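Here's the structure, in structure tokens; my notes come after.
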Amino acid sequence: MSRRRVAVIGGGVSGLTAAYLLRRRYDVVLFEADERIGGHAHTHDVRTADGQDLAVDSGFIVHNDRTYPNLLRLFSELEGPPSRPRCR
Numbered sequence: 001m002s003r004r005r006v007a008v009i010g011g012g013v014s015g016l017t018a019a020y021l022l023r024r025r026y027d028v029v030l031f032e033a034d035e036r037i038g039g040h041a042h043t044h045d046v047r048t049a050d051g052q053d054l055a056v057d058s059g060f061i062v063h064n065d066r067t068y069p070n071l072l073r074l075f076s077e078l079e080g081p082p083s084r085p086r087c088r
């Protein structure tokens, strides 16, 4: 018996989390309109006046145990080997 298919629309943190959790029981395809996944969470490459390249992360305004306990549990679970999500 084949697994049911599920479409997740949007590759921001919510869509990525939904796809990650749903993949345990369903064949999941993630659709993202942008050229990259991550939504508001993004790393910007910035060159300083003296020519150094810096990676500046944006997206999270608040990041702590009290406000986002579920997200922190997910981060803890994801510390395994990285995988490349399939998106269209």
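Numbering-wise, full-length UniProt numbering puts 62 at position 62 of the sequence shown, and it's gapless, one number per residue. Where a beta carbon is used, it is the ideal one built from N, C-alpha and C, also for glycine. Please read these numbers as outputs of a predicted model, since none were measured by experiment.
For residue i, the residue or residues it bridges with in DSSP
i: Phe75; result: Phe75 is not bridged to any residue.
i: Arg66; result: Arg66 pairs with nothing; no bridge assigned.
Whole-number beta carbon distance between residue j and residue i, since they are thought to touch under 8 Å
i: Gly38; j: Gly10; result: Not confirmed; about 11 Å, so no contact.
i: Thr17; j: Leu74; result: 6 Å
i: Ala55; j: Asp45; result: 6 Å
i: Asp57; j: Thr43; result: 5 Å
Spatial neighbours of residue i in its chain, beta-carbon cut-off 6 Å, leaving aside the 5 residues before and after
i: His40; result: Gly59
i: His34; result: Sequence inspection shows Asp at residue 34; the His mentioned does not correspond to that position. Counting only Cβ-Cβ distances below 6 Å, and skipping sequence neighbours, we find nothing.
Which listed residue (the options) has its alpha carbon closest to that of residue i
i: Glu77; options: Ser14, Gly15, Leu21, Asp53; result: Leu21
Within-7 Å CB hit, residue i to chain C
i: Val13; result: The structure shown contains no chain C; it holds only a single protein chain.
Cβ neighbours of residue i in the same chain (closer than 7 Å, five flanking residues each side left out)
i: Asp53; result: Asp45, Arg47
For the stretch 24 to 32 against the stretch 4 to 13, do three or more pairs of beta-carbon atoms, one drawn from each stretch, fall closer than 8 Å, so that the two count as touching? Using a C-beta cut-off of 8 Å, the stretch 24 to 32 makes contact with the stretch 4 to 13, since at least three inter-stretch Cβ pairs fall below that distance.
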